[in-house]
Every structure is written in C-alpha cells, then in structure tokens.
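Here is the structure we will look at, set down as structure tokens.
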C-alpha cells in the first residue's frame with residue numbers, strides 16, 4: 002500500500018512539473034532591418050511574462066519564407082513587404098486574418114561622407130553598388146523598382162554586388178568594399194561614423210515600404226504567441242518603433 | 239689518365255676511406271658486394287659528396303674540401319653506365335642516345351652518333367621505345383648513351399649484372415672495342431674476376447670501405463686462387479684453324495689445341511681451369527687426352543695449401559694447380575720442362 | 156534553353172573561366188613547391204608542408220576571410236602594394252581566381268608530389284652525368300615524368316574550383332556578371348521560394364561540367380598509357 006502511494010505521488014509531481022514549470026518558447030523569423038527593435042520589444046514582453054522565452058532568427062524575408070516553407074519552426078514572421086506574407090498564406094501556412102501591417106520605412110542610399118552622389122543618376126556612375134538580392138531581399142526589390150521607374154536599369158550592368166540581406170549591404174558600405182549601398186533609413190541610423198545617408202530615394206519611384214507581421218498556423222495555436230502578436234500593436238510597441246526611426250502611420 | 243682520390247665518407251655504420259693514386263686507361267675496381275665500390279665511383283662522378291678529401295683527374299682538382307672546390311656533376315664530364323640501365327622511359331632510343339651528345343659542346347664531340355651506332359650494332363633499335371627492348375639491348379643503349387656524351391672518363395658500375403652469360407660476353411667484347419676505338423679511359427667495376435681480367439689492365443681492390451691494393455688482373459686472379467673451387471681460370475685467346483670430326487683445331491700462340499665441341503668463330507676466348515691440367519714428366523703415349531703441351535716451368539707459388547705452377551709455352555702462359563706432394567714426387571722446380579696434358583673437353587667457351 | 160537568364164549564362168561562363176584561370180595560375184607554383192618538397196632536404200620542410208596544406212584543413216570561409224584581411228584596403232598587402240599601384244582585387248573576378256587558387260593549391264601540390272615521388276632517382280643521376288644542369292634535368296626529365304601527377308592535380312583543382320563558394324563569396328562577393336559563379340547563383344536561387352527549379356537546373360549544369368572534366372581525365376590517362 003505505501004509503495005503504491007509513493008509511486009502515484011512521484012507520477013503526479015512529474016506531470017505537474019511538465020505542465021507548469023516548463024516555459025513557453027516562441028519562434029520568431031525577423032526581417033534583418035527589424036532585428037534590434039523586435040529584440041527590444043520581445044525582451045520587454047519577456048520581462049512582463051517570465052515564463053516566456055524567444056528564439057529569434059534573422060535574415061532576408063525571402064530566405065526566411067523559404068525556410069518556413071521547408072519546415073523551419075516559426076510562430077510569427079516579420080517581413081519588409083506584404084509579398085512574402087501572401088506567399089505563406091498561399092502555401093496555407095497562415096490565414097488571411099493573421100496578417101497585419103506593423104510599420105513603414107524609407108529607402109536611402111548610404112556611402113562614404115564626401116562622395117558626390119545626389120540621386121539615382123549619380124549612383125549609376127559608381128563602380129560598385131551593394132543591394133540586397135532582389136530574389137529574396139525586399140530592400141533590393143524596392144531599389145530595383147526605383148531604377149526601373151527611373152529608366153536606369155540598363156546602366157547597372159556589372160555594378161551590383163548582391164548581399165544576402167540589408168545588413169550585409171550596410172557592412173559592405175562600412176568596409177568600403179563598395180562605393181555605396183541601398184539600405185533602410187533605420188539601418189543608416191545605426192551605421193558607423195564613416196558612412197552617412199547620401200540621399201533619400203524619392204518615394205514616387207517605389208511602393209511604400211510596408212512591414213507585415215504574420216501569425217502562422219503554429220503560432221495561432223500558442224497562447225503566448227498570440228499574446229505577443231497583440232502586444233506588437235500596443236501603444237508601447239508603437240513608441241519603441243518610432244524611437245528606432247520607423248513610421249507607424 | 240691519372241686519378242688520385244683521398245676521401246672520407248661516413249654514413250650510418252659504414253665508413254668509406256679511399257686513398258690511392260692510379261694511372262692507366264683501363265682501370266678495374268674489384269671487391270665483394272657492399273664493399274663500397276658504387277659509393278666510391280658515385281663520389282668520383284659527383285653524385286655524392288665526401289665528408290672531406292681531394293679528388294684529382296689528370297692534374298685537375300674536381301673536389302677539395304679544404305679549398306672549397308666542388309665541380310658540379312655535369313661539368314666533370316664523367317660518363318656513367320649504371321647497374322640498372324636508367325634509360326629515360328619517356329624518350330625513344332634515339333633520343334636517349336643523343337641526350338648527352340646534345341649537351342656536349344661541339345668542340346668536344348669526338349665520338350659521332352653514326353660511328354657509335356654501328357660499333358655497338360644498335361642501328362635497328364633506334365625508333366623503338368625503351369620498354370620494348372630486351373635486357374641486353376638496354377644495356378648496349380645505356381653504354382652508347384654514355385659514350386656519346388663524349389666523357390673524359392667512363393665509369394661502368396657492374397654493367398653486366400642481370401644478363402645471362404652469353405650476352406655478357408658479347409657485350410664485354412663490344413664494350414672494350416668501342417672504348418678502345420674511341421680512346422675513352424674507363425673504370426670498370428665488377429665482382430667477377432674474369433670480367434675484370436678481360437676488361438682491365440690495372441685493378442683497385444676494395445674491401446669494407448677501404449682500397450686495399452693495386453695490381454694487374456692476373457695478379458688478382460692468382461691472389462684469389464684459394465677462394466675458388468676451380469682454382470685459377472686460364473683465359474686463352476684462340477684462332478680457329480679448321481674443324482674435323484666434330485672437334486675444332488685452334489692456334490694458341492705458336493701451338494695448336496684440340497677442343498671439343500668447338501665452333502667456327504675465327505677468334506674465341508676459352509676458359510681452362512688450372513685444376514683441369516695434368517702434369518707429366520715424360521711424354522705420355524696411348525693417352526686419350528688430345529692436347530700435350532711441352533712447356534717450361536717459370537714460377538711456383540703457394541696457394542692456400544696447394545701449389546700454383548706457372549708454365550710458359552712459347553709466348554703464352556698457363557697456370558696449373560697441383561697438390562704439394564705431387565710436386566715433390568715429380569721434382570718440379572723452376573726451369574724444368576714438363577708436359578701439360580689437357581682433354582679436348584676441358585675447355586669452356588667464353589665468347 | 157532551360158529558361159536561363161543572361162546572368163545565369165554569365166555564371167556558367169564565369170565559373171569555367173575562373174576555374175581554368177586559377178588552375179593555370181597555380182600550375183607553375185604548384186610544380187615548384189612539389190619539386191622543392193620531393194627532391195630537396197631543408198630545414199623547415201615540415202613548416203612549408205603545413206602552410207601549403209593549411210587551406211585544406213581550414214573552412215573555406217576562414218580562408219576567404221584571411222584573404223580579405225590580407226588583400227583588402229587596410230590589409231597588409233593591400234595597403235603596401237595594391238593601393239599604391241591602384242590595383243583593386245576585392246570584389247573583382249581576380250579575387251574569385253585567387254580564392255579558388257588558394258583553396259585548390261594543396262590538392263594540386265599533393266597530386267604532383269605523388270607523381271614526382273615515383274620517379275626513379277637513378278634517372279636524375281643519369282641525366283646529370285650526361286651533362287644536364289639542374290634546370291635542364293627538371294625540364295627534360297622531371298617534368299615529362301610528372302605529367303600524370305600534373306594532369307591529375309589540374310583536374311582536381313579545376314573541379315574544386317567549379318564548386319568554390321565559401322572563400323569566393325567573402326572575398327569576391329556575389330556580383331552577377333563579374334564574380335557570380337554557379338555556386339553563388341545556386342545559393343541565391345535556393346534562398347528564394349520558387350527558385351528551386353532554377354537552382355536544380357544550375358546544379359545539373361555543374362554536375363555535367365564535372366562529369367566532362369572527369370571523363371577527359373580518364374581519356375588522357377588512357378592515351379598516356381598507350382603511348383608510354
């Protein structure tokens with residue numbers, strides 16, 4: 002009799018501990034340019050809910066979408082455009098109701114201070130320009146859109162250095178391996194001192210940079226992930242986004 | 239040619255210590271395997287460096303460790319025929335032959351390809367590839383190649399090893415006549431007394447890394463008599479006269495010899511072991527041996543418990559080996575005349 | 156054909172061009188190093204062996220990064236030699252060639268050494284006694300007899316060069332038409348959804364090229380056997 006009670010006690014403890022003490026883990030796939038702001042906000046959220054921990058994966062939204070499609074775990078997907086979010090929807094990995102707009106940004110061209118570049122016409126005269134690979138990096142897509150609208154694509158031959166995401170573009174510019182790079186305004190803000198914004202790409206040349214946030218099928222099933230999704234729309238979150246230079250309207 | 243070597247070389251447990259001066263155009267180097275003969279000539283050719291010493295050829299110093307003189311291999315103009323032919327596998331026979339010739343300055347090109355090719359009878363092999371030659375053919379090409387580089391001295395390191403006996407003799411003959419024709423002094427290394435006797439005039443003996451002496455081929459053979467079961471091997475150069483009844487008649491000096499089986503070659507060298515000759519004080523009659531030579535005893539010497547008797551027959555010489563008791567019983571002394579009895583079948587053809 | 160874009164065709168042409176150039180450039184150095192290692196005794200031979208084989212043991216990305224440090228604007232060679240002469244290496248096809256050459260060098264040296272070690276030393280001695288100086292012996296005896304090793308080394312390096320990625324992307328970057336070789340193009344396609352078809356098509360081209368090179372190597376080997 003005593004041994005049976007002891008065994009039941011041990012089993013109960015085991016089951017209870019598995020349920021209550023085990024922390025909830027949320028998987029995030031984050032567009033490179035959102036790295037710092039999402040990190041800060043997820044830390045804020047984790048401070049409020051100690052049982053929650055985050056796994057953050059940063060990269061180009063296209064590359065991230067491919068990974069998710071191939072089975073990489075992801076509860077919330079942050080993209081620098083709507084296209085990749087729609088892609089996931091088409092692949093039945095998220096439903097339409099779980100996609101929302103998070104923030105906005107602007108495209109700028111950075112380079113060494115003192116470089117005489119005032120617009121796209123000047124850019125095509127440079128020797129090497131870094132852009133994110135348009136196949137997977139929205140920043141690169143936006144830049145190519147602008148060149149196309151300005152009818153300058155033909156003059157870009159052999160000049161474009163493809164980077165895997167917008168941060169790599171910035172790195173090339175900082176190292177001086179390219180003459181300049183197309184990055185977001187928010188990236189330029191954290192750039193080192195030897196690069197500065199040479200000009201802002203006129204908004205009329207490209208679609209507005211729209212960040213989307215998608216709660217995936219697996220994320221929708223997790224209470225904490227859904228909570229964090231709502232948290233990202235809170236007033237506090239908006240304040241932090243603005244602090245980092247993103248537009249929220 | 240005058241050669242002087244005073245060198246020391248140590249590697250591992252082996253110590254080569256050579257100190258000699260020798261003169262002549264046909265020099266032999268004789269010694270057992272492992273005695274250091276190959277290393278010695280390798281040093282002479284410049285392929286190895288001695289730890290210290292001097293090497294002089296005809297008065298020119300090609301190596302001196304004190305004066306820091308070290309003439310490079312190509313400049314020493316010492317040709318070499320190796321034990322293993324070392325013909326270039328990627329070149330045709332013709333290219334192999336001309337390799338050294340091409341690198342010889344025009345003014346030194348005494349030996350011309352056409353002459354050498356006919357002397358060594360290798361004309362029919364010119365367009366073959368090295369891999370398709372027989373052992374004997376390869377050695378002949380190797381010899382030709384070395385000679386065509388017009389060296390001032392040719393070193394032959396056991397060039398006949400690995401060839402069968404008939405081949406050896408054939409090649410020895412072409413070798414000697416080629417070198418004589420083209421007047422190239424040579425150093426001939428061998429562990430065979432017979433080869434050494436045929437090819438050389440003076441011989442350096444090498445044992446355990448030291449040069450132990452200098453002598454003629456004959457003297458060498460005599461000094462080695464006690465090591466040989468066959469005793470001393472007499473070499474007789476014979477000229478064919480006629481062949482009758484399956485037996486050949488040869489001229490030897492001013493004597494005639496009957497040999498069976500013989501052949502029709504105009505000139506042949508025959509071996510005759512000193513132990514196969516019987517001595518007789520009186521002319522033996524009704525005896526089966528076909529050869530009875532009346533000779534004079536010119537020398538008697540000790541040879542490991544037995545006696546060597548040197549006989550002179552006209553201008554030729556013969557060495558006979560008998561037991562001491564027989565010499566005593568017959569009262570053999572220097573100066574007496576005696577009959578040497580030899581069977582027609584006791585001779586062995588060398589070439 | 157296969158729906159390749161112009162930049163895909165350049166990637167294929169560029170891959171072949173870079174691999175061939177890197178191989179040809181490395182041949183004389185590879186031969187010289189193999190010769191030194193096979194036929195000479197000297198202090199520090201082990202050290203040289205270690206340096207030559209280093210790229211074989213390091214991840215290509217590390218090799219690329221080290222090359223970047225060396226040849227970049229602030230690099231040791233970059234600062235002292237390239238900048239003053241106005242030579243730009245980083246992010247040009249020259250960098251792709253250098254990266255491929257460095258990564259493949261140990262393979263080439265190894266193959267040539269193996270070929271050289273089978274050469275009978277007696278042949279070298281023979282050529283010297285026949286009047287050939289050092290250089291003469293190298294060109295008329297050692298070189299022809301190392302041919303198999305040289306060809307094997309070249310084929311190996313060429314094939315390795317076709318697939319070079321890690322060092323190339325660091326030091327030459329991904330510039331379509333200039334440094335984007337087949338592996339870099341595949342990487343780009345593989346990172347984007349819907350790029351699978353193109354990535355596989357390029358893989359097919361890569362496999363075909365390697366196949367051609369290997370068949371060529373076999374054919375040459377057979378011809379040499381028959382001739383020798």
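Residue numbers (this note's numbering), protein chains in the order written: chain B, 2 to 250; chain F, 239 to 589; chain U, 156 to 383. Here a beta-carbon is modelled for each residue, glycine too, at the ideal position from N, C-alpha and C.
I need the DSSP call for residue 478(F), collapsed to helix, strand or coil.
As a position in the second chain, residue 478(F) is number 240, starting the count at 1. Looking at residue 478(F) - three-state DSSP - the assignment turns out to be strand.
Three or more C-beta pairs below 8 angstroms linking the region 51 to 64 of chain B and the region 188 to 195 of chain B
no
Using a Cβ-Cβ distance cut-off of 8 angstroms, determine whether residue 312(F) contacts chain U.
Position 74 of the second chain, counted from the first residue, corresponds to residue 312(F). For residue 312(F), the nearest CB of chain U lies under 8 angstroms from its own CB, placing it at the interface with that chain.
Taking C-beta pairs closer than 9 angstroms, name the residues in chain F that residue 275(U) reaches, listed in chain order.
For the purposes of this step, residue 275(U) is taken as the residue at position 120 of the third chain. Those are 322, 324 and 327, listed as they occur along chain F.
Where do the N-terminal and C-terminal ends of the alpha helix (DSSP H) with residue 176(U) fall, by residue?
Sequence index remark: in the third chain, residue 176(U) carries index 21 (1-based). 161 to 194 is the extent of the alpha helix (DSSP H) around residue 176(U).
Name the residues in the region 326 to 343 of chain U whose C-beta lies less than 9 angstroms from a C-beta of chain B; which are they?
328, 329, 330, 331, 332, 333, 334, 335, 339, 342 and 343
Below 9 angstroms between beta carbons is the criterion; list the residues of the region 148 to 181 of chain B that meet it against any residue of chain U, in chain order.
158, 159, 160, 161, 162, 163, 164, 165, 173, 176, 177, 178 and 179
Inter-residue Cα distance where the pair is residue 22(B) and residue 52(B)
To locate residue 22(B), count along the first chain from 1; it is residue 21. To locate residue 52(B), count along the first chain from 1; it is residue 51. Note on residue 22(B): pLDDT 47, under 50, position unreliable in the model; no value is reported.
In whole angstroms, what is the alpha-carbon distance linking residue 225(U) and residue 231(U)?
Counting from one through the third chain, the residue named residue 225(U) turns up at place 70. Counting from one through the third chain, the residue named residue 231(U) turns up at place 76. So the two alpha carbons sit approximately 5 angstroms from each other.
Between which residues of its own chain and residue 347(F) is the CB-CB distance below 8 angstroms, once the five residues before and five after are set aside?
What you label residue 347(F) is simply residue 109 of the second chain in a count that begins at 1. Annotation for residue 347(F): 339 and 388 place their beta carbon closer than 8 angstroms to its own, counting only its chain and skipping 5 residues before and after.
Could you give the residue range of the alpha helix (DSSP H) that holds residue 218(B)?
If you number the first chain from 1, residue 218(B) lands on position 217. Note, residue 218(B): alpha helix (DSSP H), 218 to 221.
Segments assigned alpha helix (DSSP H), at least 4 residues, entirely inside the region 186 to 229 of chain B
186 to 190 and 218 to 221
Could you tell me whether the Cβ of residue 129(B) comes closer than 8 angstroms to any Cβ of chain U?
Your numbering for residue 129(B) matches position 128 in the first chain. Yes, its Cβ sits closer than 8 angstroms to a Cβ of chain U.
Looking at the C-beta of residue 544(F), does it have a partner C-beta in chain U at a distance below 8 angstroms?
Stepping through the second chain from its first residue, residue 544(F) is reached at position 306. No, residue 544(F) does not count as interfacial toward chain U.
I want to verify the contact list: residues of chain F whose CB lies under 9 angstroms from the CB of residue 294(U), in sequence order.
If you number the third chain from 1, residue 294(U) lands on position 139. Simply none; closest approach about 12 angstroms.
Taking buried to mean at least 16 other C-beta atoms within 10 Å of its own C-beta, is residue 463(F) buried or exposed?
The sequence position of residue 463(F) within the second chain is 225, counting from 1. Label assigned to residue 463(F): buried.
May I have the straight-line CA-CA distance separating residue 227(U) from residue 376(F), to the nearest angstrom?
In the third chain, counting from the first residue as 1, residue 227(U) sits at position 72. In the second chain, counting from the first residue as 1, residue 376(F) sits at position 138. For residue 227(U) and residue 376(F), the distance between alpha carbons rounds to 59 angstroms.
Assign residue 566(F) to buried or exposed, taking buried as 16 or more other Cβ atoms, counted over all protein chains shown, within 10 Å of its Cβ.
Sequence index remark: in the second chain, residue 566(F) carries index 328 (1-based). The residue in question, residue 566(F), is exposed, as its Cβ has fewer than 16 Cβ neighbours within 10 Å.
Would residue 304(U) and residue 267(U) qualify as a contact pair, given that the criterion is a beta-carbon distance under 8 angstroms?
Position 149 of the third chain, counting from 1, holds the residue named residue 304(U). Position 112 of the third chain, counting from 1, holds the residue named residue 267(U). Contact flag set, yes.
Determine the chain U residues that contact residue 342(F) at a beta-carbon separation under 8 angstroms, and present them in chain order.
Here residue 342(F) corresponds to residue number 104 of the second chain, with the count starting at 1. Per Cβ cutoff of 8 angstroms: 286.
Look at residue 181(F) and residue 541(F) and say whether their C-beta atoms are less than 8 angstroms apart.
Residue 181(F) is absent from the structure shown; chain F starts at 239 and stops at 589.
Taking residue 312(U) as the reference, which of 264(U), 229(U) and 234(U) has the closest Cα?
To locate residue 312(U), count along the third chain from 1; it is residue 157. Comparing Cα positions, the closest option is 264(U).
Measuring alpha carbon to alpha carbon, tell me which residue in 382(F), 369(F) and 328(F) is nearest residue 352(F).
Within the second chain, numbered from 1, the residue matching residue 352(F) stands at position 114. The residue with the shortest Cα to Cα distance from residue 352(F) is 382(F).
Entirely enclosed alpha helix (DSSP H) segments - the region 299 to 381 of chain F, minimum 4 residues:
311 to 314, 331 to 340 and 351 to 358
So, for residue 419(F): in the same chain, excluding its five sequence neighbours on each side, which residues have a beta-carbon less than 7 angstroms away from its beta-carbon?
Your numbering for residue 419(F) matches position 181 in the second chain. Answer for residue 419(F): 357, listed in chain order.
Residues within the region 277 to 288 of chain F neighbouring chain U, beta-carbon criterion of under 7 angstroms
Taking 7 angstroms as the Cβ-Cβ cut-off against chain U, the residues of the region 277 to 288 of chain F that qualify are 283 and 285.
With 16 other CB atoms within 10 Å as the buried threshold, where does residue 323(F) fall?
Within the second chain, residue 323(F) is the residue found at index 85, counting from 1. Buried, by the Cβ-count rule.
Any C-beta of chain U sitting closer than 8 angstroms to the C-beta of residue 80(B)?
The residue given as residue 80(B) occupies position 79 in the first chain. Not closer than 8 angstroms to any Cβ of chain U, the Cβ of residue 80(B) fails to qualify, so no.
Can you tell me where the beta strand (DSSP E) holding residue 549(F) begins and where it ends?
Start at 1 with the first residue of the second chain, and residue 549(F) comes out as number 311. 544 to 551 is the span of the beta strand (DSSP E), which, as asked, contains residue 549(F).
Residue 136(B) CB to nearest chain U CB: under 8 angstroms?
For this step, residue 136(B) is matched to residue 135 along the first chain. Closer than 8 angstroms: yes.
Consult DSSP for residue 290(F) and reduce its assignment to one of helix, strand or coil.
Here residue 290(F) refers to the residue found at position 52 when the second chain is read from its first residue. Residue state, collapsed to three classes: strand.
So what does DSSP say about residue 485(F), is it helix, strand or coil?
As a working note, residue 485(F) is residue 247 in the second chain. Residue 485(F) falls in the strand class under three-state DSSP.
Hey, residue 323(U) and residue 212(U): beta-carbon distance below 8 angstroms or not?
Within the third chain, numbered from 1, the residue matching residue 323(U) stands at position 168. Within the third chain, numbered from 1, the residue matching residue 212(U) stands at position 57. Their beta carbons are not under 8 angstroms apart, which means residue 323(U) does not touch residue 212(U) by this criterion.
Quick check: the Cα distance between residue 149(B) and residue 100(B), rounded to an integer number of angstroms?
Residue numbering aside, residue 149(B) sits at position 148 when the first chain is read from its first letter. Residue numbering aside, residue 100(B) sits at position 99 when the first chain is read from its first letter. Approximately 29 angstroms between the Cα atoms of the pair.
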